[in-house]
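Residue numbers (my numbering), protein chains in the order written: chain A, 5 to 658; chain B, 11 to 276. Cβ coordinates follow ideal geometry from the N, Cα and C atoms, glycine included. From a predicted model like this one, the values you see are computed outputs, not experimental measurements.
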Amino acid sequence: MLGGLIQQLLDGLTIGVVYVLLAAGLSVIFGVMHVINFAHGELFALGAYFALALIGPLGGGTGFFVALLVAPLLVGVIGVLIERFTVRPLYGRNPLYHILLTFGLVLVINDLIYVGWEPGSVSMPIPEFLRATVDVLGASYALYNLFIIAFGGAMAFGVWALLEYTKFGLIVRAGSQDRQMVRNLGIDIDRYYSLVFGMGAALAAVAGIVLGGYQTVSPEMGTSIIIPAFVIVVLGGLGSFKGAVVAGLLVGIIQTVLRTHVPILEGLVIFLLMIGILLIRPQGLFGSEAHDDDGGELLTGTGGVLDSQTRTRLAIAMVGLLALVPLGVGTLYSPYVVSLVIEILIWGLFALSLDFVMGYTGLVSLGHALFYGTGAYAVAIVLLNVSQSAFVAIALAVLVSAGIAWFVGFLSIRVSGVYFAMITLGFAELFYNVVSRLEITNGSDGLFGASAYYGVAGVGVDLDSIAIFLGSVALTGQMLFYYVALAALLGAFLLTRRMLQSPFGSVLKSIRENEQRATFLGYETTVYKRRAFVVSGALAGLAGGLFTLNTGYATPSFAHWLHSGEVIVMVILGGMGTLYGPILGSFVFFGLEDVLTDFTARWRLVLGTVFVLFVIFLPQGLVSLPSQLVPYLSGGSSPETEPTPEDPGFGGDG
Amino acid sequence: MAVETPRQERDADGDAILRTDGLVKQFGQFTATDRVDLEVERGEFRSIIGPNGAGKTTLFNLISGALPVTDGSIYFAGEEITDLSPPERVRRGIGRSFQISNVFGGLSVRENVRLASQAVHDDEYTFLESLFKPTDRYETMNADAERILEQIGLADVADEQAEALAYGDRRRLEIGVVLATDPDLVLFDEPTAGMSVEETQATIDLIEEVLVDQTLLLIEHDIELVMNLSDRITVLNRGDILAEGTPEEIAENQDVQDAYLGGMIE
């Protein structure tokens, strides 16, 4: 009994030390530069893969130790390069752009790993003598785990000593307290940023190597560990080294103990902890007073070039064109095109819903897939268990999503900026873990085979059973659903546009511009933000519901953080704060994916690179291209031409 | 560089519109406001002066609700407002103009003014209307906004983006926005900071012209301006009230001269 407990404590400590190494780097990077580094998990994975490559020719004995030294150095250099060339251009902008940037880097690095190595997990060769077991208080225990604890502990201690006793450490610590003050003292703290970032990256690499030897090495190891690592950083207090250590060990041990005793809670407890902490004590266990987002507004898209009449005509023409798409099936292209455009329309709706809160009130929801997933599961559950009416299912999906959005908004909108982003992420991951475990959602397999009719109370039609003949084309099944999706997107667009022209919308825009000023006009801004969040959640739920209505399935991956990230990518690509920009973003996203997959399986690499370039050089998105280009196009040529990223006009906003 | 503004007689009627009672604000160990008892009469033009760090802006932040008080209470129009949120105070009639020109740069001049009058006219629409009925279809609210645009002389540029305005015009807009919140008391924090003599004169003229019915509370560094404009002056020093009185009384007050004016007027 006691032996078992000690065994669990040691296991927990092993994982905990790995968490500490990861979280310490993340936390120091946040403390000094205010950068939320999503790519940290990928640097962690990169460390493990570099080590594999080094051990290969050298063998598992000395090779392992050589790798443990060299791989982190290499990753550290990559970290320095990342800071220098991608993170640095964004200082001074809203810190949320760093979240977007590092999310793009996740796509890039993750695909680079796939390019360099085989998919699937491999084991890391560790030295023979570490495979032995030893007796610890009566329990037999793997020596390698003790090595992780000792080595990782020593590393963490080394970093602590570095921070505590060197001039470098002094400046870094002072910088996390008050960056401006350090500058005022005449110290060029910006010079230290690359070093801090590189150090964090190297620590992540060490964590990746030692954990790789304990478990296995796989391309997904980064994306699955980054969220727990963030939770630990938030728990301990953003920017606090001590907090990262305490929270890392705590979470490692809690997770391991719960896995044995209360398995259902294992994946949930850390998110519950994070949400609880953020609500009660936003600065975390050891953090200092909540950081203010240091200014910098979100850059929203500008149309500008066309007058409103031309724009309306253009919009009508686009909708008309879209309405014709199903008619070309069979003659111009295969039915696949229709299902592709349906997906684009649904994601366009999803992106529009996010834009409504992000682009108009500045609330960056990092967990918007929560509402998409809620809508999808609501439709699946209703269709499979309650009623096969599509109308009932969709109505419930919208209502439930709106309700959850109200609840999440109620709890989280009073915390601002980065904290709001983290708390929404926490809720989405909580949902992901819950639906992966519950019986009614069929666990990690998800729900399949939901079918619907269009009507209520048993009276209605099945889309597959009817056909509308237009000349030689028979519109049926998916081709009819296409119009459902198009109508939903158009409806949502008109609805949100109308809202933005109303008094409600005016207040939202004023909040985006200057929330404090809006307060001093007499507006309770949190109330308005919450309402916007509910509208947004409802529309995201509608998007998810439509997807399931069309395909008949819902899986936990709908609520995964990568899903939330993808929809943010679309919003930024197209242009935030425009409503139509995100729809364009959805077209470009899926268009790129569709074209690229013909050439390479690594389309995320290209997409991620494009996205990173957008965040750095064209943060206002594609819709701002025409107005950005006007100064460069002297007379005659049309401002409508879409240039390539190599175009000289591209760097205008750097 | 005297600014020639004949001091208009505002009819203070002896009824206190604003009163603070032992107001204290501490930031850690530092006491920014130390038991301030301030009383401002309805219709008065009151200026608050004092050296840097005297606690002037902190006092404004406490009155407007931007900062919570450490101790003491605030009464407005006879009712306690100490624990009300900033928007609630605005709705009761405390308008605030900001030190840095703080209009919504991305919105048009008209939208800026309309946003403020929209908060006042919220009884004009139902919840559903506020979500779906376009802003330009509310009559009273828009009439109000247009009238104010005329008053501040920006009707011609109403459709331009606020950030495109010249500095002085943006100041005018800021005053128009405050006016549109329909305040009884307006807090001005250095409304003429960074302005030329002409701009200062124009701004002061505008304030005198459009804010006739309001009680004005002004933080200002320009002593001559304060002497010319104010009905009464409150001198703050180290978080506490050093002296209070008419401009003449303040000018003759020995404490003020020792502690403050002596250093300011060469």
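Practice task
Answer yes if the stretch 597-616 of chain A comes into contact with the stretch 142-153 of chain A, meaning at least three C-beta pairs across the two stretches below 8 angstroms, and no otherwise.
Solution key: no
Practice task
Determine the direct distance from the alpha carbon of A/Gly464 to that of A/Leu403, and round the result to whole angstroms.
Solution key: Residue numbering aside, residue 403 of chain A sits at position 399 when the first sequence is read from its first letter. Residue numbering aside, residue 464 of chain A sits at position 460 when the first sequence is read from its first letter. Rounded to whole angstroms, A/Leu403 to A/Gly464 spans 22 angstroms at the Cα level.
Handout entry: Per-residue contacts from A/Phe508 into chain B (C-beta, under 7 angstroms)
Key = Looking up residue 508 of chain A in the first sequence gives position 504. Those within 7 angstroms of A/Phe508 in chain B are Ser140 and Leu141.
Handout entry: Own chain residues within Cβ distance below 6 angstroms of B/Thr68, not counting five before or after
Key = The residue you call residue 68 of chain B lines up with position 58 of the second sequence. Once the five neighbours on either side are set aside, the close Cβ partners of B/Thr68 are Lys35, Ala42 and Thr43.
Problem - Residues of its chain near A/Val477, where Cβ-Cβ distance is below 6 angstroms and the 5 sequence neighbours each way are ignored - result: Along the first sequence, one-based indexing puts residue 477 of chain A at 473. Only Leu331 meet the Cβ criterion.
Practice task
Quick one: grab the DSSP three-state call for A/Asp449.
Solution key: Position 445 of the first sequence, counted from the first residue, corresponds to residue 449 of chain A. A/Asp449 falls in the helix class under three-state DSSP.
Practice task
Identify whether A/Phe603 lies in helix, strand or coil by the three-state DSSP scheme.
Solution key: Numbered from its first residue, the first sequence carries residue 603 of chain A at position 599. Reduced to three states, the DSSP call for A/Phe603 is coil.
Practice task
Taking A/Met503 as the query, report the chain B residues whose CB atoms sit under 9 angstroms from its CB, ordered along the chain.
Solution key: As a working mapping, residue 503 of chain A is identified with position 499 in the first sequence. Under the 9 angstroms cutoff, chain B gives Leu141 and Phe142.
Exercise for the section: Please decide whether A/Ser514 counts as near chain B, where near means a Cβ-Cβ distance under 8 angstroms. Expected result: Locating residue 514 of chain A in the first sequence gives position 510, counting from the first residue. Closer than 8 angstroms to some Cβ of chain B, the Cβ of A/Ser514 qualifies, so yes.
Problem - Own chain residues within Cβ distance below 7 angstroms of A/Asp651, not counting five before or after - result: For the purposes of this step, residue 651 of chain A is taken as the residue at position 647 of the first sequence. For A/Asp651, the pLDDT reaches just 35, beneath the cut-off of 50, and the residue's location in the model is therefore unreliable, although a value from the coordinates is still provided. None.
Exercise for the section: Identify which residue in B/Pro201, B/Asn263, B/Met237 and B/Ala126 has its Cα closest to the Cα of B/Thr191. Expected result: On the second sequence, position 181 is the one that residue 191 of chain B refers to. For the residues B/Pro201, B/Asn263, B/Met237 and B/Ala126, the minimum Cα distance to B/Thr191 belongs to B/Ala126.
Practice task
Would you mind working out which of A/Gly51, A/Ile86 and A/Gly83 sits nearest A/Pro223, comparing C-alpha positions?
Solution key: To locate residue 223 of chain A, count along the first sequence from 1; it is residue 219. Residue A/Gly51 is the option with its Cα nearest to A/Pro223.
Exercise for the section: Using a threshold of 8 angstroms, state whether the C-beta atoms of B/Ser83 and B/Phe198 are closer than that. Expected result: Along the second sequence, one-based indexing puts residue 83 of chain B at 73. Along the second sequence, one-based indexing puts residue 198 of chain B at 188. No, the pair does not count as a contact, with Cβ atoms beyond the cut-off.
Exercise for the section: Just grab the DSSP bridge partners of A/Tyr23 for me. Expected result: The residue labelled residue 23 of chain A in the question sits at position 19 within the first sequence. In DSSP, A/Tyr23 forms no bridge with anything.
Practice task
In angstroms with no decimal places, state the Cα-to-Cα distance between A/Asp296 and A/Val39.
Solution key: If you number the first sequence from 1, residue 296 of chain A lands on position 292. If you number the first sequence from 1, residue 39 of chain A lands on position 35. In this prediction, A/Asp296 has a pLDDT of 48, which is less than 50 and means its spatial position is unreliable; what the coordinates show is noted afterwards. Going from the Cα of A/Asp296 to the Cα of A/Val39 covers about 13 angstroms.
Handout entry: Own chain, CB closer than 6 angstroms to A/Ala251, minus 5 neighbours either side, in chain order
Key = Taking the first residue of the first sequence as 1, we reach residue 251 of chain A at position 247. Same-chain partners within the cutoff: Ile236, Leu239 and Gly240.
Problem - Bridge-paired residues (DSSP) for B/Phe86 - result: Here residue 86 of chain B refers to the residue found at position 76 of the second sequence. B/Phe86 is bridged to B/Leu28 and B/Glu89.
Exercise for the section: Note down, in chain order, each residue of its chain lying with its Cβ closer than 8 angstroms to the Cβ of B/Thr213, except the 5 sequence neighbours on either side. Expected result: Taking the first residue of the second sequence as 1, we reach residue 213 of chain B at position 203. For B/Thr213, where only same-chain residues beyond five positions count, the Cβ hits under 8 angstroms are Gly178, Arg181, Arg182, Ile185, Pro201, Thr202 and Met205.
Exercise for the section: Using a Cβ-Cβ cut-off of 8 angstroms, state whether B/Gln39 counts as contacting chain A. Expected result: For this step, residue 39 of chain B is matched to residue 29 along the second sequence. So, not an interface residue.
Practice task
Within 10 angstroms of the Cβ of A/Arg44, are there 16 or more other Cβ atoms? Answer buried if so, exposed if not.
Solution key: Position 40 of the first sequence holds residue 44 of chain A. According to the sequence as given, residue 44 of chain A is His; it is not Arg. It counts as buried.
Problem - Identity of the residues DSSP links to B/Gly255 by a beta bridge - result: Stepping through the second sequence from its first residue, residue 255 of chain B is reached at position 245. The partner list for B/Gly255 (beta bridge, DSSP) reads B/Ile243.
Practice task
Pull up the distance between the alpha-carbon of A/Gly256 and that of A/Asn41, whole angstroms please.
Solution key: Reading the first sequence from its first residue, position 252 is the one you call residue 256 of chain A. Reading the first sequence from its first residue, position 37 is the one you call residue 41 of chain A. Using only the alpha carbons, I get a separation of about 21 angstroms.
Practice task
Any chance you could list the alpha helix (DSSP H) runs of at least 4 consecutive residues sitting entirely within the stretch 130-155 of chain B, in chain order?
Solution key: 137-142
Problem - Neighbour list for B/Asn62 in chain A, Cβ cutoff strictly below 9 angstroms - result: For this step, residue 62 of chain B is matched to residue 52 along the second sequence. Residues of chain A passing the Cβ test: none, with the nearest at roughly 18 angstroms.
Problem - Unbroken beta strand (DSSP E) run spanning B/Leu227, endpoints - result: What you label residue 227 of chain B is simply residue 217 of the second sequence in a count that begins at 1. From DSSP, the beta strand (DSSP E) with B/Leu227 extends over Thr225 to Ile229.
Problem - Chain-ordered chain A contacts of B/Gln224 [CB-CB under 7 angstroms] - result: Taking the second sequence and counting its residues from 1, one reaches residue 224 of chain B at position 214. Here the premise fails: no neighbours, minimum Cβ distance about 16 angstroms.
Exercise for the section: Compute the beta-carbon to beta-carbon distance between B/Arg45 and B/Asp250, rounded to the nearest angstrom, for a pair I have assumed lies under 8 angstroms. Expected result: To locate residue 45 of chain B, count along the second sequence from 1; it is residue 35. To locate residue 250 of chain B, count along the second sequence from 1; it is residue 240. The pair is a contact, with the Cβ atoms about 7 angstroms apart (cut-off 8 angstroms).
Exercise for the section: List the residues of chain A whose Cβ lies closer than 7 angstroms to the Cβ of B/Asp71, in chain order. Expected result: On the second sequence, residue 71 of chain B is found 61 positions in, with the first residue counted as 1. With the sequence shown as reference, residue 71 of chain B is identified as Asn, and Asp is not the correct amino acid for it. Ordered by position in chain A, no residue passes the 7 angstroms Cβ test against B/Asn71, which lies about 11 angstroms from the chain.
Problem - Own chain residues within Cβ distance below 6 angstroms of A/Ser540, not counting five before or after - result: Here residue 540 of chain A corresponds to residue number 536 of the first sequence, with the count starting at 1. Cβ within range, chain order: Ser357, Phe360 and Val361.
Handout entry: Continuous beta strand (DSSP E) stretch holding B/Arg56: start and end
Key = Here residue 56 of chain B refers to the residue found at position 46 of the second sequence. Element bounds for B/Arg56: Phe55 to Ile59.
Problem - Neighbour-count burial assignment, B/Ile73, 16 or more Cβ in a 10 Å radius - result: Taking the second sequence and counting its residues from 1, the one referred to as residue 73 of chain B is at position 63. Counting Cβ neighbours within 10 Å, B/Ile73 comes out buried, since at least 16 surround it.
Handout entry: Minimum Cβ-Cβ distance from B/Ile27 to chain A less than 8 angstroms
Key = Against the second sequence, residue 27 of chain B aligns to sequence position 17. It does not; no Cβ of chain A falls within 8 angstroms.
Exercise for the section: Take every Cβ of the stretch 543-556 of chain A, pair it with every Cβ of the stretch 391-402 of chain A, and state whether three or more of those distances are shorter than 8 angstroms. Expected result: yes
Practice task
Have a look at A/Phe615 and A/Ile576 and give me their C-alpha separation to the nearest angstrom.
Solution key: Residue mapping note: residue 615 of chain A aligns to position 611 of the first sequence, counting from 1. Residue mapping note: residue 576 of chain A aligns to position 572 of the first sequence, counting from 1. Rounded to the nearest angstrom, the two C-alpha atoms are 8 angstroms apart.
Exercise for the section: Entirely within the stretch 471-508 of chain A and at least 3 residues each: give me those beta strand (DSSP E) ranges in chain order. Expected result: 471-474 and 477-480
Problem - is_contact[A/Glu347, chain B] using C-beta, thresh 8 angstroms - result: Walking along the first sequence from the start, residue 347 of chain A turns up at place 343. It does not: the Cβ of A/Glu347 has no partner Cβ on chain B nearer than 8 angstroms.
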